[in-house]
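Mapping of the sequence shown onto the UniProt record's numbering: position 80 corresponds to residue 80, and the numbering continues sequentially without gaps.
For each residue, glycine too, the CB sits at the ideal point set by N, CA and C.
For reference, the structure discussed in these notes is given below.
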Amino acid sequence: MFILPLCTAVRYDGPHIKRFSFPSEVLAGDRTSAMCFVGKAAPPITFTWFKDGDEISNLPNVAIKTDEVFSVIIIRNVTESSGGNYTCSVRIHLENRAIAPIFLF
């Protein structure tokens with residue numbers, strides 16, 4: 001069983017990323033996801049996901065779906081190697097905004 005705590009957002013006056021988390025209980029073999037949603041900002045918005053500080057580009061069993069104001073990370077077939085610190089970073093024009101990490105154990 002994997003337990004995923006909630007993340008906390010850093011507060012400031014720029015673009016606002018809504019609080020997000022993985023589901024509270026994820027079992028090996030499950031599919032899970034988390035959504036990074038920008039509630040206060042005008043597009044264009046660029047989303048970047050990181051695992052343990054490294055940008056996610058081609059991780060097995062991981063897909064990232066992005067729309068105008070949100071990005072979803074989907075982990076298919078969760079394994080022990082799926083565990084880690086997942087962070088969503090948002091770039092809006094020239095501003096950078098990163099939300100605090102979420103953990104998958």
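Supposed contact pair residue j and residue i - C-beta distance, whole angstroms, cut 8 Å
| i | j | result |
| --- | --- | --- |
| Phe37 | Ile56 | With 8 Å as the limit, Phe37 and Ile56 do not qualify as a contact, their Cβ atoms being about 18 Å apart. |
| Pro44 | Val69 | About 10 Å; that fails the 8 Å criterion. |
Start and end residues, beta strand (DSSP E) containing residue i
| i | result |
| --- | --- |
| Phe22 | No beta strand (DSSP E) holds Phe22; DSSP gives it neither H nor E. |
| Asn85 | Gly84 to Ile92 |
| Gly39 | Thr32 to Lys40 |
| Ala63 | Val62 to Thr66 |
| Val72 | Phe70 to Ile75 |
Sequence-distant residues of its chain with Cβ nearer than 6 Å to residue i (five each side left out)
| i | result |
| --- | --- |
| residue 157 | The displayed coordinates of the chain run from 1 to 105. Any statement about residue 157 would go beyond what the structure contains. |
| Ile74 | Ser33 and Ala63 |
Close beta carbons around residue i, own chain, < 7 Å, minus the five adjacent residues each side
| i | result |
| --- | --- |
| Gly39 | His16 and Lys18 |
| Gly29 | Asn77 and Val78 |
Neighbourhood of residue i by C-beta distance below 8 Å, restricted to the same chain and skipping five residues each side
| i | result |
| --- | --- |
| Leu59 | Lys51 |
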